[in-house]
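Read in order, the letters of the sequence shown are residues -16 to 96 in my numbering. Heads up, the beta-carbon is just placed ideally off N, CA and C, and yes, glycines get one too.
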Amino acid sequence: MTVPKQTYRLKNVIISSIAILLNGLFGLINFSEWYTVKIQNKTSDYPFGGEGPTPYYYISAELYSTVNLVWGLIFLIILSLSIWTLFKNKFSVLSLVLTLIFILILIIHGQID
């Protein structure tokens, strides 16, 4: 029994679209934080200096902005892969799995003191 080509294509479109939305959202959030801290230099709302229960990258504004830039670039790369899978109709599950893995790594990374 074979899966009709239209059904296979629809599944790929849905899976790729979910990956694209998640990567776009997380990329936008990280680039927004980088832009706010690095470019606009708005640091008054952030607890820099490592005081209290904050991740290690809150030691300085420079480190915080660099970490957010790196995460933004990672999600941008996976976003590009997800867009490619949408047009090529291949590897859409891989792009979604990569997205979910890196979201999990981002959450774990935020817990490191």
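Assigned secondary structure, tyrosine 29 (DSSP; H/G/I helix, E/B strand, else coil): To locate residue 29, count along the sequence shown from 1; it is residue 46. In this structure, tyrosine 29 counts as coil in the three-state DSSP scheme.
Residue of Thr49, His92 and Leu5 minimising C-alpha distance to leucine 59: Here residue 59 refers to the residue found at position 76 of the sequence shown. Nearest C-alpha to leucine 59: Leu5.
Any alpha helix (DSSP H) of 4 or more consecutive residues that is wholly inside the region 5 to 87: 44 to 71
Candidates Thr(-10), Ile3 and Leu56, of which the one nearest tryptophan 67 by Cα: Taking the sequence shown and counting its residues from 1, the one referred to as residue 67 is at position 84. Minimum Cα distance to tryptophan 67 is reached at Ile3.
With 16 other Cβ atoms within 10 Å as the buried cut-off, status of threonine -10: In the sequence shown, the residue the question calls residue -10 occupies position 7. Label assigned to threonine -10: exposed.
Own chain residues within Cβ distance below 7 Å of isoleucine 95, not counting five before or after: Here the question's residue 95 lines up with position 112 in the sequence shown. These residues qualify, in order along the chain: Pro38 and Tyr39.
Local conformation of isoleucine 95 per DSSP, three classes: Within the sequence shown, numbered from 1, the residue matching residue 95 stands at position 112. Note: isoleucine 95 maps to coil in three-state DSSP.
Nearest neighbour of leucine 77, chosen from Gly10, Asn(-5) and Leu87 [CA to CA]: On the sequence shown, position 94 is the one that residue 77 refers to. Relative to the Cα of leucine 77, the nearest Cα in the group Gly10, Asn(-5) and Leu87 belongs to Asn(-5).
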